[in-house]
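Position one of the sequence shown corresponds to residue 0 (numbering that gives the first Met the number 0), numbered consecutively onward.
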Amino acid sequence: MRIGHIAAVLTLICVLTPEVWTATAPGSDDVGRLGHWQVDAAQQTAANADRVVKVEVLSLLEAGTVRNEVSANPPELRRLTASCRVLSEIKERCPQIIRVEFQYPAESDIQGNPSLAQQFTSLRVGEVALVFLKDIGMDFRLNRIDGKVRITSSRVRHEMVDEPEERLLSEFVASAQDGDPMVRLQAVEELGYVGDAILRQMAASEYRYSSEAADRCIMLDKKLDAAREVLADARKATDPVVRFAAVISSFQVDATPGEATSLEVLRADPATLSTAESLAQYGAIGFSVQAMQARLLDVMDATTRRLLLDMRQRDVIRRRDGKPYRGIRDFWYPEFCAAALACESVRAAGPMRRSLANILWVRSDVASVPEMIALLDDADILVRSAVVAGLIKTVASPYSNPLEVHSPWMSSIDATDVEVRDREIDPAEAMRDY
């Protein structure tokens, strides 16, 4: 028994002592390792990871090479193992010290083909990251693609009852206020993904109508409000990339950025940040002005297709005619769409016009009929199809969204948290829109 204890202690000492590890960073300290943006931590946590933890990398050990089973280029990959200290558990429990295996191309391969760095996830000594892991016996394997997210090193407090999405939200709220610009930018992006996942999950779940869900919905609403506050601050940032990313995420968490602020993205000069400059600065092409303009309309399109939930009322927000409200609140879509169609960035890009046409179709605003008619002559058949469907749905149709000056949705019930908690809801009636 004593021999077993001694062996366990010696093993722990070996893990904790950096000198016994070869601190070999995989790849040079360049922008190649700054890739992996738009990871969608909520999706990775739910579908692609056995465990999700926040770790500090203590040391690295290189253990030869392995055959690349995914691609012939490069034919071989370096096999590395990182010793990590677990700082916080997001999904499932983990030991305090864990060993994480991953594979990474050789430095010579990356220099010959820089895009290779975007196809692999690596860890380096001293970094703090949120990692998505698969179980392999007593150790863990880092997901090859989108296996980590930059995150603040500050300790974030979690409640025992918090679900993984809530823990992610708290971590990214703290990270969005971090002094590291890369950590802040990634947190601003991920807040949108996590907030959208929470809103969609609760809107599509009958669980929210149960009495035990009332308190959790109220708590989720408070946490989403915290995310909306940090995004509001990020929309005032001097860095246009952070500012534009915050505008996009605001739509995902149902926090209106305002029509003027949203149009600022579409009117931005593409020369402000080109594709080449985005790749050089961030290791990804997604932060060029043109890419962010396209993503804004794509996200706006996606958020009009979800049901919007009043978390405190635990019910779908509806228009005054009783039909589900589409989009985010306190945002005047007809004014935005009319101004967006006049933007050169939209007129010149077919995919952006398609997204805008889809918004017009889903919203069915009477005030947007002139914009739909203007797009009937568009060169893109998908644009024409969407606006024809929109006109059919809008003109002389019970699905039409009538002209409204302010607050184009049914006002929320004025109730205290106690009244909401005790409110009886019929799930069959509430789920009729699905």
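Here a beta-carbon is modelled for each residue, glycine too, at the ideal position from N, C-alpha and C.
A contact is defined here as three or more CB-CB pairs under 8 Å, and the region 193-203 meets this definition with respect to the region 214-228.
In the structure shown, the three-state DSSP call for K221 is helix. For D138, the enclosing beta strand (DSSP E) stretches over residues 138-141. For L76, the enclosing beta strand (DSSP E) stretches over residues 75-90. Inclusion of V148 and A173 in the CB contact set at 8 Å is not warranted, their separation being larger than that value. Residue pairing by DSSP places T64 opposite R77 in a beta bridge. Annotation for C216: M201, R207, M310, R311, R313 place their beta carbon closer than 8 Å to its own, counting only its chain and skipping 5 residues before and after. When the five nearest sequence neighbours on each side are left out, the beta carbons in the same chain lying within less than 6 Å of the beta carbon of D134 are those of D49, in order along the chain. Excluding five sequence positions before and after T302, the CB atoms of its chain that fall closer than 7 Å to its own CB belong to F250, Q251, G326, I327, given in chain order.
Proximity of the region 331-343 to the region 366-377 meets the contact definition, three or more beta-carbon pairs being nearer than 8 Å. Secondary structure note for D297: its alpha helix (DSSP H) is the uninterrupted segment 288-302. Distance from the CA of V394 to the CA of V386, rounded to the nearest whole angstrom, comes to 12 Å. V252 sits in coil when the DSSP states are folded into three classes, being neither helix nor strand.
Under the three-state reduction of DSSP, A128 is assigned to strand. By the criterion of a C-beta distance shorter than 8 Å, A290 is surrounded in its chain by T274, S277, I284, once the five residues flanking it on both sides are discounted. It is roughly 15 Å from the alpha-carbon of E106 to the alpha-carbon of V65.
Around the beta-carbon of V160, fewer than 16 other beta-carbon atoms lie within 10 Å, marking it exposed. Relative to the Cα of L306, the nearest Cα in the group I358, L198, T271 belongs to L198. Comparing C-alpha distances from E158 to each of K222, G321, A341 shows the shortest one belongs to K222. Contact check between the region 95-102 and the region 70-86: three or more CB pairs, one atom from each, fall below 8 Å, which counts as touching. Residue pairing by DSSP places S58 opposite S82 in a beta bridge. Boundaries for I150: no alpha helix (DSSP H) harbours it, and the DSSP string shows neither H nor E there.
For V130 against V38, the beta-carbon gap comes to about 11 Å, at or over 8 Å, which does not count as contact. The C-beta separation of S261 from L272 comes to about 18 Å, leaving the pair out of contact by the 8 Å criterion. Burial is judged here by how many other beta carbons sit within 10 angstroms of a residue's own beta carbon; N400 has at least 16 and is buried.
In its chain, beyond the 5 residues on either side, R50 have a beta carbon closer than 6 Å to the beta carbon of E91. Taking 8 Å as the cut-off, the beta carbon of L60 is found closer than this to the beta carbon of L79. Rounded to whole angstroms, L184 and V240 show a C-alpha spacing of 8 Å.
Here Q42 has Y192, A196 as same chain residues with Cβ atoms under 8 Å from its own Cβ, once five neighbours each way along the sequence are excluded. The distance from the Cβ of L355 to that of L296 is about 6 Å, consistent with a contact at the 8 Å cut-off.
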